[in-house]
Amino acid sequence: MTALVEEDFLSFDPYTKLYHLGLMPYEIVARAGSDLEFLVLRKSLHPVLERVQAEVGGVASLSVISRNEALCVDVIEGQSDISLNTLKVGSRRPLGAGAASLSLLAALGEEEREAVIQRESERYRKYGNLTAEFVRAACAELPENGHVFNAQIIPGIGAVGVPLFTAAGALACAVSITNTVSRLSPERRRDIALALVQAARAAGFQAMDIA
C-alpha cells in the first residue's frame, strides 16, 4: 500500500486513515485518450500557481470537486520552508476541510452547501479543530471578502483559498496558499488572495472581487 501511495496510484488520508484512488490511474487514461477535465485544469493553472507561490511564499495547491469531495490535483512547494505532508496530489477531503476545499464549498448554492455541511459534520471532527459551525461561518465570509481562511486543522498553520470559475460562470476549481499563521495577518491574507485572483484572471478564469 505504501508503494502504491508513493507512485500516486493511491492516496492516504492521515486523519481518517482511509486510502483513496490516486491520480496515476487518471494519468494513464489521459495518455491513452483525451485529457480528463481536471488534468486540463492542472495543466492550465500549474504555471499560475508557480508564479504566485514564488511571489508570496508558502505552499500552493489546486483542488476540484470529485465524487462530492475535494480532490487535490496539484501542490507547489517551491522554496517554502514548510511542508504539508498531509496534503498531497490525489488527496481527498470532505468539502470544507482545508482552504481550497472550503472555497469550493462556499461557492456552492446555499441549499447544496448546507446539505454538505450536515452530511460531513461528524467527519470534520477528524481534522484538527474543524467543526461544522466553523465551516458554516467561514463560508458566509466568501461573498464579502472574495476569499476564505482556515487555520483549524494543523496547529500554527493557516491557508487562504479562492474559488475560480469558467468564462461561463461555472465553478471550476479552487486554489490556495498555505503558510504559518504568523505570516497570515488579515492584510497579508488579502494580498495573497488578490495575487491568486489576478493571476487566475490573466489565465482566463473568473474570480470574485477581493475586498
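In our numbering, the protein residues as written are 93 to 303.
Every residue gets a Cβ at the ideal spot worked out from N, C-alpha and C, and that includes glycine.
> Are the segment 227 to 247 and the segment 137 to 144 touching, with three or more C-beta to C-beta distances below 8 Å?
Replying inline: no
> Roughly how many angstroms lie between the CA atoms of A62 and Y216, to the nearest whole one?
Replying inline: The requested residue 62 is not part of the displayed model; the chain covers only 93 to 303.
>> Measuring alpha carbon to alpha carbon, tell me which residue in F257, R211, E206 and I246 is nearest R228.
In response: What you label residue 228 is simply residue 136 of the sequence shown in a count that begins at 1. Residue E206 is the option with its Cα nearest to R228.
>> Out of L276, P186 and C231, which one is the CA nearest neighbour of L200?
In response: For the purposes of this step, residue 200 is identified with residue 108 of the sequence shown, where counting begins at 1. Closest by alpha carbon: C231.
> Would you call the segment 293 to 300 and the segment 248 to 263 touching, i.e. three or more CB-CB distances under 8 Å?
Replying inline: yes
> Where does I209 sit, in a helix, a strand or coil, going by DSSP?
Replying inline: Counting from one through the sequence shown, the residue named residue 209 turns up at place 117. Helix, per DSSP.
>> Tell me the DSSP secondary structure of L179 in three-state form.
In response: Within the sequence shown, the letter at position 87 stands for residue 179. Coil.
> Considering only the beta carbon of each residue, do A189 and I249 sit closer than 8 Å?
Replying inline: Here residue 189 refers to the residue found at position 97 when the sequence shown is read from its first residue. Here residue 249 refers to the residue found at position 157 when the sequence shown is read from its first residue. Going by C-beta atoms, A189 is not nearer than 8 Å to I249.
> So what does I168 bridge to, in DSSP terms?
Replying inline: On the sequence shown, residue 168 is found 76 positions in, with the first residue counted as 1. Paired residues: A152.
> G220 to A243, Cα distance in whole Å?
Replying inline: Position 128 of the sequence shown, counted from the start, is the residue given in the question as residue 220. Position 151 of the sequence shown, counted from the start, is the residue given in the question as residue 243. Taking the straight line from one Cα to the other gives about 9 Å.
> What are the boundary residues of the alpha helix (DSSP H) that includes N237?
Replying inline: By 1-based counting over the sequence shown, the position of residue 237 is 145. From DSSP, the alpha helix (DSSP H) with N237 extends over L234 to N237.
> Is A152 near R184, with beta carbons less than 8 Å apart?
Replying inline: Residue 152 sits at position 60 when you count from the first residue of the sequence shown. Residue 184 sits at position 92 when you count from the first residue of the sequence shown. Contact flag unset, no.
> What is the C-beta distance between A191 and V252, in whole angstroms, given that I count them as a contact (C-beta under 8 Å)?
Replying inline: Looking up residue 191 in the sequence shown gives position 99. Looking up residue 252 in the sequence shown gives position 160. A191 to V252, Cβ: 6 Å. Contact.
> Mind checking A303: buried by the 16 CB within 10 Å criterion, or exposed?
Replying inline: As a first step, residue 303 must be located in the sequence shown, where it is residue number 211. By the 10 Å Cβ count, A303 comes out exposed.
> Taking the C-alpha atoms as reference points, what is the distance between I284 and A95?
Replying inline: Residue 284 sits at position 192 when you count from the first residue of the sequence shown. Residue 95 sits at position 3 when you count from the first residue of the sequence shown. I284 and A95: Cα-Cα distance of roughly 36 Å.
> Using a C-beta cutoff of 8 Å, does G190 count as contacting chain C?
Replying inline: Within the model displayed, chain C is absent; a lone protein chain is all it includes.
>> Considering only the alpha carbon of each residue, which of G182, D166 and D173 lies closest to L102?
In response: Here residue 102 refers to the residue found at position 10 of the sequence shown. When each option's Cα is compared against that of L102, the closest is G182.
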